[in-house]
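Accompanying notes for the structure given below.
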Amino acid sequence: MTYIHDTIVKLQHSSPAQAEFYQAVEEVLDSLTAILEHAPKYRQQAIIERMVEPERQIMFRVPWVDDNGQVQVNKGYRVEFNSALGPYKGGLRFHPSVNASIIKFLGFEQVFKNALTGLPIGGAKGGANFDPKGRSDGEIMRFCQSYINELYRHIGPTTDVPAGDIGVGAREIGYMFGQYKKLVNRFDGVFTGKSILWGGSLGRKEATGYGCVYFASYMLADRKQELAGKTCLVSGSGNVAIYTIEKLHQLGATAITCSDSAGTLYHAEGINLATLKQIKEREQGRLTSYLQHHPEAVYIPCSDYPADGHAVWRYKADLAFPCATQNELTQADAEALVANGCLAVSEGANMPSTQDAVAIFLRHGLAYGPGKAANAGGVATSQLEMAQNASMLSWSFQEVDEKLQLIMRNIYTRARDTAAEFGEPGNLVLGANIAGFRRVADAMIEQGIV
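The opening residue of the sequence shown carries number 215 in this note's numbering; numbering runs sequentially from there.
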């Protein structure tokens, strides 16, 4: 479609050298051809052109002092992409790979993900090219405080509510919230993912991983299958991966892999969750330590990965859960999954599969849950945390989990039914993109040219 092509070309000129952002935009726009042809109002009001440009982009330096007394400087970001449905909502990522392209792709994806939940939240993303690995608590605290010294003026409980992401967990949220509270002299729910001691929600830590598994179970149910007895591949070993593995085990499936930035762990009997949590949540260690407890497991360092992909996807299994980072699952990985009889892929990370990999999943008829749908449980539960903060209440874990299951079922149903409406039953990529777009676009039209 010429209109979509021209929009992407213009975007490449206005936002040069942002490959991940172009990839995210192209993936969404390619799904919108049908609705753009049948609903000219979206073109007449330049909805696409407005939607691909953030409402606000904030970039700033983050100076801080390390334990040796040396001044360090990082770059901070917050991209407030779209507030048509509610206050900006999206995580903060602290990782050396963070740049404008990464943050914009994540923010763009967040708009549609948040819309799919049906909750009143807009989309944003932020972070910094700071690596917390190997840093002391004191260094991380000083960095977080400096980051918030700039960001605090742009966020608020009804304006922009950040959360965690890669490199930002409960510790980092605590340091940032403490500095925010000191600067504004208010105690309000400006962050989600907070400690249970001071306004956090039970179930938030588990929500993205649990939600990803719930989504997979709904995909399988429509195919007269169930999770129990299935063998699963999981990538990553952070918060999302750990609680994906936990919920899989609770529902009778077996996760046999996980990974970190140094390599992949394969344990044919099933990943021992207690050991994994000890290494990653309490020791902040590497997966190689797992072998000390379970010598029968196999560890594959990154240096031994296949040249065309990732070791984690080369094992035979029924289901795959990419839970690490963007573009981690390549075309060759997708071909290996298909050859090994994989039935379904449910994405716990944001855009973890390349476009070529997604095309293979769809061509071979795998049940494929794209990240903006399958991993929306985290942001959905963040909104539940916002609701608890606003009402000064705290809900039980069971209550939060039941709401999460309902939200994930509604997301799946919305994507499935929209795909069928536009003549491509089973294509949840198209269904999720059109359903999210339509909700945001209609709100934008009702609010005028702003």
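Yeah, the Cβ is synthetic: ideal placement off N, Cα and C, and Gly gets one too.
In whole angstroms, what separates the C-alpha of residue i from that of residue j?
i, j, result
"isoleucine 470", "alanine 260", "47 Å"
"serine 245", "serine 503", "44 Å"
"arginine 270", "glycine 562", "27 Å"
"serine 415", "alanine 384", "12 Å"
"glutamate 240", "serine 567", "14 Å"
"valine 382", "histidine 252", "42 Å"
"alanine 531", "glycine 555", "7 Å"
"cysteine 472", "valine 526", "7 Å"
"lysine 289", "asparagine 363", "13 Å"
"glycine 336", "valine 654", "9 Å"
"alanine 696", "threonine 221", "The chain is shown from 215 up to 664; residue 696 falls before or after that span and cannot be answered."
"leucine 576", "leucine 487", "32 Å"
"leucine 434", "asparagine 453", "24 Å"
"aspartate 374", "serine 517", "41 Å"
"asparagine 399", "serine 350", "27 Å"
"glycine 640", "alanine 558", "12 Å"
"aspartate 656", "tryptophan 609", "33 Å"
"threonine 627", "glycine 352", "46 Å"
"alanine 338", "isoleucine 625", "20 Å"
"tyrosine 457", "glutamate 638", "32 Å"
"asparagine 296", "lysine 303", "9 Å"
Report back the beta-carbon spacing between residue i and residue j to the nearest angstrom; my notes put them in contact at under 8 Å.
i, j, result
"glutamine 661", "alanine 298", "6 Å"
"aspartate 379", "glycine 321", "With 8 Å as the limit, aspartate 379 and glycine 321 do not qualify as a contact, their Cβ atoms being about 11 Å apart."
"serine 431", "leucine 465", "7 Å"
"alanine 442", "serine 449", "Not really, about 22 Å apart at Cβ, beyond 8 Å."
"isoleucine 272", "arginine 292", "4 Å"
"serine 596", "glycine 417", "That pair is no contact at about 11 Å."
"leucine 533", "lysine 444", "5 Å"
"phenylalanine 326", "lysine 494", "That pair is no contact at about 30 Å."
"glutamate 460", "glycine 423", "7 Å"
"proline 536", "arginine 528", "Their Cβ separation, rounded to whole angstroms, is 14 Å, which puts proline 536 and arginine 528 out of contact at 8 Å."
Is it right to say residue i is buried, meaning 16 or more other beta carbons lie within 10 angstroms of its own, or is it exposed?
i, result
"tryptophan 412", "exposed"
"proline 584", "buried"
"methionine 606", "exposed"
"alanine 482", "exposed"
"cysteine 358", "buried"
"proline 268", "buried"
"cysteine 446", "buried"
"serine 451", "buried"
"leucine 207", "In the structure as shown, the chain starts at 215 and stops at 664, and residue 207 therefore has no counterpart that could be examined."
"glutamine 324", "buried"
"glutamine 282", "In the sequence as presented, glutamine is not what sits at residue 282; that position holds asparagine. Under this definition asparagine 282 is an exposed residue."
"serine 560", "buried"
"glutamine 393", "buried"
"glutamine 232", "buried"
"isoleucine 667", "No information on residue 667 is available, as it lies outside the stretch 215 to 664 that the chain covers here."
Return the chain-ordered list of same chain residues with a C-beta closer than 6 Å to the C-beta of residue i, the five sequence neighbours on each side being excluded.
i, result
"valine 512", "Tyr480"
"valine 242", "Asn647"
"phenylalanine 235", "Ser315, Lys318, Phe319"
"proline 346", "Phe308, Ile354, Gly381"
"threonine 539", "Ala563"
"tryptophan 278", "Gln286, Arg356, Phe357, Ser360"
"asparagine 343", "Asn288, Lys289, Pro310, Val312"
Near residue i, what residues of its chain come up, given a Cβ to Cβ distance below 8 Å and the 5 sequence neighbours on each side ignored?
i, result
"glutamate 484", "A quick correction: the sequence has glycine, not glutamate, at residue 484. Excluding sequence neighbours, glycine 484 sits near His463, Thr468, Ala469, Ile470."
"threonine 544", "Asp522, Gly523, His524, Thr568, Asp570, Ala571"
"lysine 395", "Phe401"
"proline 371", "Pro301, Asp402, Gly403, Val404, Met600, Asn603, Ala604"
"methionine 622", "Gly425, Tyr428, Phe429, Tyr432, Ala590, Gly591, Ala594"
Please identify the residue among the options whose C-alpha is closest to the C-alpha of residue i.
i, options, result
"glycine 300", "Glu613, Ser608, Leu333", "Leu333"
"leucine 501", "Asp474, Phe274, Arg653, Ala377", "Asp474"
"proline 310", "Arg292, Glu294, Gly341", "Gly341"
"methionine 658", "Val266, Gln232, Thr247", "Val266"
"alanine 633", "Gln237, Ile369, Ala248", "Ala248"
"asparagine 328", "Arg652, His227, Ile663", "Arg652"
"glutamate 497", "Ile514, Gly348, Lys224", "Gly348"
Under 7 Å Cβ to Cβ from residue i, same chain only, skipping five residues before and after it: list those, please.
i, result
"glutamate 549", "Ile574"
"arginine 257", "Tyr217, Leu250"
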